[in-house]
């Protein structure tokens, strides 16, 4: 899998860090266009966002019933890893 867009500055919220898991594999999946646990419509929205420069959102199950979101901003200046309740 090859990276598909710039991530910019990478940050994680306290909630995401408190999970105590390696976030790197999920970040790599996001970076390479594996959008995780999204519906087909949201995956298509991400594909369009790649072409049009809009925000990109991925969602991943990380175990224990927990999920994380990874969001790359429209300008590609930053990517944030966070819990859904922190959105």
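Residue numbers (the working numbering): 38 to 124. Glycine included, C-beta positions come from ideal geometry on N, C-alpha and C.
First and last residue of the uninterrupted beta strand (DSSP E) at residue i
i: residue 44; result: Careful: residue 44 lies outside any beta strand (DSSP E) and carries neither H nor E.
i: residue 104; result: 103-109
Backbone secondary structure at residue i - three-state DSSP
i: residue 92; result: coil
i: residue 97; result: strand
i: residue 119; result: strand
i: residue 52; result: helix
8 Å Cβ cutoff met for residue i and residue j
i: residue 53; j: residue 105; result: yes
i: residue 117; j: residue 50; result: yes
i: residue 119; j: residue 96; result: no
i: residue 71; j: residue 38; result: yes
i: residue 114; j: residue 45; result: yes
i: residue 56; j: residue 99; result: yes
Distance, residue j Cα to residue i Cα
i: residue 67; j: residue 107; result: 7 Å
i: residue 47; j: residue 62; result: 14 Å
i: residue 82; j: residue 88; result: 10 Å
Range covered by the alpha helix (DSSP H) that runs through residue i
i: residue 64; result: 61-68
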